[in-house]
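Chemist: Position in the sequence shown counted from 1, then plus 2, gives you the working numbering. Backbone N, C-alpha and C define an ideal beta-carbon position, used for all residues, glycine too. On a predicted model such as this, the values are computed, not experimentally measured, just so you know. Input: one structure, supplied below.
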Amino acid sequence: MAPSKKSGSKKAPAKSTPKVSKDPVFPSRPRSTRIGGDVRPQGRDLSRFVKWPRYVRLQRQRTILYQRLKVPPVINQFTQTLSKNEAASVFKLLNAYRPLTAAARKQKAKEAAAAKAAKKDAPAGSAFQVKFGLKHVTTLVEEKKAKFVAIACDVDPIELVVWLPALCRQMDVPFVIVKDKARLGALVHQKTAAAVAITGVEKSDEKALSNLTAVAMEKYNNNVDLVRKWGGGKMGLKTEAKLEKRAKQLEAEAAKLAKSKGL
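Set out below in structure tokens:
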């Protein structure tokens, strides 16, 4: 007997829904609820979750290392910079003797040529200017021609200027450590400058220079503690908590041992 075929109604094909074109004026913006995403907890600083640029990470790691490790006095002295008011007076004096830009030198040469052609005296500029360049400043200090030296606190690598304070002390040249190499660079129309020096000032600025010299001699040249004080050696919060917990355990064990011996 042949098998009977099952009779049944066939499923009707699903109706195709027409695609609705979305309005581009109101695009969908899916939210991310992860840490640092769209929804953030109120009043919480999430900057530690940000992936910072490499140079930011390096300078932060360098700062932490200077706090954790034992820093020799020769390097640690670069953390002792001038105060804000004293640095302002230093840069006020140095700004008066900034070197000319390339355009200003060109214009000065034109004026001198025009004055010479007209048989007139050329306009005289200041005889003193801020000297920059590590080799140039070193030569001026060695020859005792420098009257005042300003050293940047954030030179990298520090080996470039780590010996300069000792040389200034030996040659009895007043020096200061200021923030920072970018500000010194802007003073001499460069990106950065490790150190700048001045060989003299006009009579009107001699009093200001003598005041700065006195500050430099007191805080840096004649400051014996500056070259004896070690830096760093500060532990982090986690390490301090761990050491404190360990000290409490040792005290408890010592008290327990003393109590057992007393019995």
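#1: Roughly how many angstroms lie between the CA atoms of L96 and F130, to the nearest whole one?
#2: Can you give me the start and stop residues for the alpha helix (DSSP H) that F93 sits inside?
#3: Could you spell out where the alpha helix (DSSP H) holding V132 opens and where it closes?
#4: Might you give, ordered along the chain, the residues of its own chain that have their beta carbon closer than 6 Å to the beta carbon of K146, omitting 5 neighbours on each side?
#5: Could you give the distance in angstroms between the alpha-carbon of F51 and the alpha-carbon of T194?
#6: On the DSSP letters alone, give me the boundaries of the beta strand (DSSP E) that I200 sits inside.
#7: If the criterion is Cβ atoms closer than 8 Å, does the pair G180 and A154 meet it?
#8: In this structure, how does DSSP classify A152 when only helix, strand and coil are distinguished?
#9: Straight-line CA distance for K121 to A115?
#10: Could you tell me which residues DSSP puts in a beta bridge with F177?
#11: Can you tell me whether K72 is helix, strand or coil according to DSSP?
#12: Give me the Cα-Cα distance between V203 and A106, rounded to the nearest whole angstrom.
#13: Check whether the segment 79-99 and the segment 220-237 touch, using three or more Cβ-Cβ pairs below 8 Å as the test.
#14: Please return the same chain residues whose Cβ sits closer than 6 Å to the Cβ of S262, not counting the five positions on each side in sequence.
#15: Assuming N87 contacts G233 under a Cβ cut-off of 8 Å, what Cβ separation, rounded to an integer in Å, is found between them?
#16: Go ahead and pull the three-state DSSP assignment for G234.
#17: Taking the beta carbon of I66 as the centre, do at least 16 other beta carbons fall within 10 Å, making it buried, or is it exposed?
#18: Between the beta-carbon of V198 and the beta-carbon of V139, is there less than 8 Å?
#19: Considering S262, what are the terminal residues of the alpha helix (DSSP H) in which it resides?
#20: Among the candidates P176, A196, K183 and A188, whose CA atom is the shortest distance from the CA of L136?
#21: When you compare the segment 58-74 with the segment 228-244, are there three or more beta-carbon pairs, one atom per stretch, that lie closer than 8 Å?
#22: Using only the alpha-carbon positions, how far apart do F150 and Y99 sit?
Modeler: This is what the structure gives:
#1: By 1-based counting over the sequence shown, the position of residue 96 is 94. By 1-based counting over the sequence shown, the position of residue 130 is 128. Straight-line Cα distance between these residues: approximately 10 Å.
#2: Along the sequence shown, one-based indexing puts residue 93 at 91. Where F93 is concerned, the enclosing alpha helix (DSSP H) starts and stops at K86 to N97.
#3: Position 130 of the sequence shown, counted from the first residue, corresponds to residue 132. Taken as a continuous stretch (DSSP letters only), V132 belongs to no alpha helix (DSSP H), being part of the beta strand (DSSP E) at V132 to F134.
#4: Counting from 1 along the sequence shown, the entry for residue 146 is found at position 144. Exclusion of the five residues before and after K146 leaves M173 as the residues of its chain whose Cβ lies within less than 6 Å of its Cβ.
#5: Against the sequence shown, residue 51 aligns to sequence position 49. Against the sequence shown, residue 194 aligns to sequence position 192. The straight-line gap from Cα to Cα measures roughly 32 Å.
#6: Mapped onto the sequence shown, residue 200 falls at position 198. Per DSSP, the continuous beta strand (DSSP E) segment holding I200 begins and ends at A197 to I200.
#7: As a working note, residue 180 is residue 178 in the sequence shown. As a working note, residue 154 is residue 152 in the sequence shown. The question names Gly, but residue 180 in the sequence shown is Val. Less than 8 Å divides the Cβ of V180 from the Cβ of A154.
#8: Residue 152 sits at position 150 when you count from the first residue of the sequence shown. It is a strand residue.
#9: Translated into positions along the sequence shown, residue 121 becomes position 119. Translated into positions along the sequence shown, residue 115 becomes position 113. If I take the Cα positions, the gap works out to 10 Å.
#10: One-based indexing of the sequence shown puts residue 177 at position 175. Per DSSP, V151.
#11: In the sequence shown, the residue the question calls residue 72 occupies position 70. Judged by DSSP in its simplified three-state form, K72 adopts strand.
#12: Along the sequence shown, read from residue 1 onward, the residue named residue 203 stands at position 201. Along the sequence shown, read from residue 1 onward, the residue named residue 106 stands at position 104. If I take the Cα positions, the gap works out to 21 Å.
#13: yes
#14: Within the sequence shown, residue 262 is the residue found at index 260, counting from 1. So the list is empty, once near-sequence residues are dropped.
#15: Position 85 of the sequence shown, counted from the start, is the residue given in the question as residue 87. Position 231 of the sequence shown, counted from the start, is the residue given in the question as residue 233. The Cβ separation is near 24 Å, so there is no contact.
#16: On the sequence shown, residue 234 is found 232 positions in, with the first residue counted as 1. Of the three classes helix, strand and coil, the one that applies to G234 here is strand, per DSSP.
#17: Looking up residue 66 in the sequence shown gives position 64. So I66 ends up on the exposed side.
#18: If you number the sequence shown from 1, residue 198 lands on position 196. If you number the sequence shown from 1, residue 139 lands on position 137. In contact: V198 and V139 (Cβ atoms closer than 8 Å).
#19: Position 260 of the sequence shown holds residue 262. Taken as a continuous stretch (DSSP letters only), the alpha helix (DSSP H) holding S262 covers L239 to G264.
#20: As a first step, residue 136 is located in the sequence shown; it is residue number 134 there, counting from the start. For L136, the nearest C-alpha among the options comes from A196.
#21: yes
#22: Residue numbering aside, residue 150 sits at position 148 when the sequence shown is read from its first letter. Residue numbering aside, residue 99 sits at position 97 when the sequence shown is read from its first letter. In a straight line, the C-alpha of F150 is about 13 Å away from that of Y99.
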